[in-house]
Every structure is written in C-alpha cells, then in structure tokens.
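Chains as they are written, first to last, in our numbering: chain A, 20 to 157; chain B, 425 to 822. Where a beta carbon is used, it is the ideal one built from N, C-alpha and C, also for glycine.
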Amino acid sequence: MDLMNLISKTLIPAAEEMTLSYVTAVVITGLTVVFLGLVILILFVWAFGKIFTRKNSRPAQPKPAAAPTPKPAAPVAAAKPVTDDNQDEVIAVIAAAVAAMGESEGKTYKLKSVKAVKNKPSRSAWSLAGIQNDTTPF
Amino acid sequence: MSEVFRIFADTIKDLAMSSGIANMGWKDAVMILISFVFMYLAIVKQFEPLLLLPISFGMFLTNLPEVGMYHPELWANAADIDFGQVLHEGGLLDILYLGVKLQIYPPIIFLGIGTMTDFGPLIANPKSFLLGAAAQAGIFLPFIGAAVLGFSAAECGSIAIIGGADGPTAIYVSSRLLSGGGYKISTGTIALAAYTYMALVPVIQPPIMKLLTTKKERAIKMPQLRTVSKTEKIIFPVAVTLIVALLVPSAAPLVGMLMLGNIIKESGVCARLVDTAQNALMNIITIFLGVSVGATTQADKILNLEFAKVIILGVIAFAVGTACGVLFGKLMCKATGGKVNPLIGSAGVSAVPMAARVSQKVGAQTDPTNFLLMNAMGPNVAGVIGSAVAAGILLSII
Chain A
20 MDLMNLISKT LIPAAEEMTL SYVTAVVITG LTVVFLGLVI LILFVWAFGK IFTRKNSRPA
80 QPKPAAAPTP KPAAPVAAAK PVTDDNQDEV IAVIAAAVAA MGESEGKTYK LKSVKAVKNK
140 PSRSAWSLAG IQNDTTPF
Chain B
425 MSEVFRIFAD TIKDLAMSSG IANMGWKDAV MILISFVFMY LAIVKQFEPL LLLPISFGMF
485 LTNLPEVGMY HPELWANAAD IDFGQVLHEG GLLDILYLGV KLQIYPPIIF LGIGTMTDFG
545 PLIANPKSFL LGAAAQAGIF LPFIGAAVLG FSAAECGSIA IIGGADGPTA IYVSSRLLSG
605 GGYKISTGTI ALAAYTYMAL VPVIQPPIMK LLTTKKERAI KMPQLRTVSK TEKIIFPVAV
665 TLIVALLVPS AAPLVGMLML GNIIKESGVC ARLVDTAQNA LMNIITIFLG VSVGATTQAD
725 KILNLEFAKV IILGVIAFAV GTACGVLFGK LMCKATGGKV NPLIGSAGVS AVPMAARVSQ
785 KVGAQTDPTN FLLMNAMGPN VAGVIGSAVA AGILLSII
C-alpha cells in the first residue's frame, strides 16, 4: 500500500543530476498520485454519502394505530392569499418604503409603473435578500 | 582626573565600536528597509497581517547588527545540528526556530485550521476533490521552471510548493527539503513569497478567471448543496487520514493534525479543546512561526538573483494553479452539461477562504444573484488536503 516508498526508491537516485527525465518524472508522478489519492477519497465520500442519503430518505415506519383523537375544533380560517385585490396595498407599502429611503438622502422618487419579472428567480425575494446580506462581507 | 577621563573615553570608544551603528553594513540597512516595506504591506494594505507582520518583524530583528538573536552558523551544518549548542549559545530566535526546524509549528497550525474548517461542502459535493487536485498543477508545473533556472531538486521542490497557496505547508516542506545546508534560498525566502502571493490572491486570480471563461459560463448558477449529517462529518476526518496516510505516509503529519482538529470540532464534545486550538494555541504558534521564519531572511538569502527568481516563479505557480483549476472546471462544466460553474475551479488553490471569496466575487460581478461561495468552499478545502498530499509526495521523491 505504501506507494510512495516504491516511487521514491526509483526517483531519489536521479535527483542529484536534475535531468529532463527526472524533472518530467517528478511532475507526472506528483500529479498522478495527487489525482489518485483524491479520486479514492471521492469514491469513499460518494459511497458513504449515498448510504447516509438513503438512510435519511427512508420513509418512517408506520406508527401503530393511535387511539381515535377527538374531533378538532372548527377549522381556523385560512390566511388570505395574495391576490390582485391587495396588490395595490403592497405597491403602496413598497412605494412608501422607497419614499422614506429617498427622504433620508434628500431625494424624491416618482413611481411610473410596476411590472412583474418575466423569469422567475430561483429563490424567493426574502431568501435572495438574506443570502445577499450574508455574502456581501465577502 | 586624567585617568578617569581616559577610562571614560575608552569605554565610550568600545561601546561605539561594538554598537550596531558601527557594525551596520549596507546589506543590513537594505534588509531593514525591506522589512519596513513588508510591515507596511501587513499593516496598511493588510496583506495576511497575522503572519506577514511577525515575519517582517523577525526579518527586522535578525538584520540588526550585533543583536545576536539568531545565529545562522548554528544551523549551517544542517545534516548534523548540535541542538545542545543551540540551547546553550543560541539567541531567542534560535530557540524559537527549533519549532520550524523540527517541523513542529506547521502541523500545529494545521490542527488550528482543522478546528476552523467545515468540510460539509466537500462531503456534499465530493467531485470538488477533482478541482482541488487540478489546482495542484500549480505545484508541479513550476517545478520544471525552477529546474530550468538552475535550482537543485530540493530548491525546486521548495519553490514549487509556493503554488499550493498554503503557508504552513510551504514552510513545512521547505524546512525539510532545505535542511541539508548550502542552498541559495531559505525557508524564510519561501515563506515571504508564499504569504505575499496568498495576500495577492484577489489581485492575481480574477484576470485569469475572466480570461479563461465566457460570460455565459460565469453566470451558471449551481444548485444548493445537500445538508451533511453530523455522522458523515465525524467519519470524514478519520477516513481521509487513513487513506492519505496509507497512500502518502509523509503527508500524515499535516493531514493527520488537520483532521485531528476537525474531528475535535465535529465531535461536539471537546468545546474547550476547540476553543484553545483555534484561538490561544493558534495565535501563540503563529507568532513563534512568523518571527522565527522571518529571522532566517538574512541579506545573503534575499539580496541576490535567486530571490528574484523565487518571486517570479512564485507568481507563475499561483497563476498556473488558478488556470488549471478553472480549465478543469470548464471540463467538468462540459461533462455535466453546464451544471458546474468553472469559476469554482480557481478555489482549488488552498488559500482558505480567500480563493472561495474570489470565486464568489467574480461570479457576482457577472450576475449579482449568483451565489457560488458555498460551492467554491468544496474545492477550497479539497485544495488544503490536495496541497498536503502534494507536499508529502515532494518530500518522498526528492
């Protein structure tokens, strides 16, 4: 298993001469062994990653039938979905926020139009703002 | 009265003759000025100040004439160092330098780094190891350049390791390879070049990254990484140590200590040890390492053509490492049908976390909603393991 002992026995005697073949051998050997070592690590990490992912995604064992639960109380009214009805209010809130920011800088803004973004972003606006906030210091 | 005056005059004369001013040569003065430049870079430009400042101050102390804090003659016959003589006759910096000479400080620094490293991104995306390996071309290809410029095998290996972008590894390798004495360069020379270039990663890398990638490639968004379980994070350091130590035994001191630090962090049961390793111990060793490595930078090792060659080869090594990482990233991009952003390849040089930050920054310049930081941390920490393995290989074959 000690690959390096074998390689070093071959290469060390040539080191004093620094021939082209020695230098080339060092470069090729070095890159090959680094890749070999890291590929072994990839295979290992990939394999135990698979095992753990499968273990975590395995469905939970069905629980034994529980005693009948009392009927829940009357359902709570669902939260009101964001529809066109309250879009004007959202725009008003955003416009007010922009106006407040502008006021502190001594500027005034005029709201001309509000357009929906064509390409849906990969993350929600809140998530994007959070990541932006976290990565800006870097 | 005249007798008193004569004794007074003789004493003053003796004091003047033994003072630093009388014994300062032009080379000492130049070296002191160079140390001021490095202090300026560390304090004002904040180039890796934690290490560059102690190194530059060590350089300043060692070049002050007649101070006697470091004696290069004690280390000249490196094959047969009389450690008893070092302890009896050595100055403060000689004693501290024992930690470098006996290869104690770099592995302890690795222990501290281990307690600060999260291998989660690498475990979640193990393909990152390939990018960490590709960037190690920055170690092996400059070996050819150093050989062409007439350096010996040990010097070539010491110069080449600068491309690993890892200060403790560079010091570890060069202190072992250059232990035979009679070399034109020193560990201090290598450390200075390595830390200066590590600080310049945000300047050196972006032009190469932009040159080798298209705007479309830079805008590729990578998926969020899966959550890695605690058990995986605990198994990882044991497995890496086992595999690397069996394959390249000479890399074991660095990789072993890195993984020891990591397992005490991930175990979650050694909070006190983690706190000490990543704060008090790390800080003490950083000061000792920096000041004693700086002490080896004496005029005869710096004011020569060889140092200029090391500086040139060092920047080539960094550029080659970055370019190979990005090119391998492009290859992975093609192989995966455009799922890998090649910019994360440059993070394969192990300057942690600077190189990953550069990937994030260059990606965000193309598309501000592109967040590559976590994806780049995988190749970045793989680069630390890769450069430690490469160091082991250099030590084995040279």
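- Per DSSP, the continuous alpha helix (DSSP H) segment holding N686(B) begins and ends at A676 to S691.
- In terms of Cα proximity to V750(B), the closest of N501(B), F462(B), I736(B) and L554(B) is L554(B).
- For E513(B), the closest alpha carbon among the candidates L526(B), L498(B) and V524(B) is that of L498(B).
- If you check the CB distance, I563(B) and A775(B) do not come in under 7 Å.
- Within the same chain, Cβ atoms closer than 7 Å to the Cβ of L465(B) are found at F471 and L476, the five residues on either side in sequence being excluded.
- By the criterion of at least three beta-carbon pairs nearer than 8 Å, the segment 727-734 of chain B is in contact with the segment 606-619 of chain B.
- Under the three-state reduction of DSSP, D506(B) is assigned to coil, being neither helix nor strand.
- Of all residues in the segment 658-689 of chain B, only I659, F660, A663, V664, I667, V668, L670, L671, V672, P673 and S674 come within less than 8 Å of chain A when Cβ atoms are compared, listed by chain position.
- Below 8 Å, enough C-beta pairs join the segment 480-495 of chain B and the segment 714-723 of chain B to call them touching: three or more.
- In the assembly as shown, F795(B) is a buried residue. Its beta-carbon has 16 or more other beta-carbons within 10 Å.
- For F712(B), none of the residues of chain A pass the 7 Å Cβ criterion, the least Cβ distance being about 30 Å.
- If you keep only unbroken alpha helix (DSSP H) runs of at least 4 residues inside the segment 595-660 of chain B, you get 611-623, 625-636 and 639-642.
- Exposed is the label assigned to R73(A), since fewer than 16 other Cβ atoms lie within 10 Å of its Cβ.
- When the five nearest sequence neighbours on each side are left out, the beta carbons in the same chain lying within less than 6 Å of the beta carbon of A806(B) are those of L546, S552, F553 and G556, in order along the chain.
- Contact annotation: G538(B) and G762(B) have beta-carbon atoms that are not nearer than 7 Å.
- Counting C-beta pairs with one atom in each stretch, the segment 663-676 of chain B and the segment 57-68 of chain A have three or more that are closer than 8 Å, which means they touch.
- Under the three-state reduction of DSSP, Q106(A) is assigned to helix.
- Contact residues of the segment 64-75 of chain A toward chain B are V64, W65, F67, G68, F71, T72 and N75 (C-beta to C-beta distance below 8 Å).
- The three-state reading of DSSP puts M448(B) in coil, since its state is none of H, G, I, E or B.
- Segment contact: the segment 455-464 of chain B against the segment 685-705 of chain B, fewer than three CB-CB distances shorter than 8 Å; contact not assigned.
- Counting C-beta pairs closer than 8 Å gives fewer than three between the segment 440-449 of chain B and the segment 577-585 of chain B, which falls short of the contact rule.
- Pairing V782(B) with G745(B) gives a Cβ-Cβ distance that is not under 7 Å.
- The beta carbon of M778(B) sits closer than 6 Å to those of V625, all from its chain and outside the five residues before and after it, given in chain order.
- Counting other Cβ atoms within 10 Å of its Cβ, V786(B) reaches 16 or more and is therefore classed as buried.
- Going by DSSP, S582(B) is part of the alpha helix (DSSP H) stretching over A577 to A584.
- For a Cβ distance threshold of 8 Å, nothing in chain B lies close to L130(A): the least Cβ distance comes to about 23 Å.
- Contacts with chain B at 7 Å (Cβ-Cβ) include G49(A).
- Interface flag for G149(A) against chain B is unset, since no Cβ pair is found closer than 7 Å.
- In this structure, the straight-line span from the alpha carbon of F543(B) to that of T127(A) is close to 48 Å.
- Q784, K785, A788, P792, T793, F795, L797, A806, I809, G810 and V813: these are the residues of the segment 784-813 of chain B whose beta carbon lies less than 8 Å from some beta carbon of chain A, given in chain order.
- At a Cβ-Cβ threshold of 7 Å, G588(B) and S770(B) do not count as neighbours.
- The Cβ of G56(A) sits closer than 7 Å to at least one Cβ of chain B.
- Under the DSSP assignment, P803(B) falls in the alpha helix (DSSP H) whose first and last residues are L797 to I821.
- Residues of the segment 108-127 of chain A with a C-beta atom less than 8 Å from some C-beta of chain B do not occur.
- Comparing alpha carbon positions, the residue from I817(B), P792(B) and M798(B) closest to T541(B) is M798(B).
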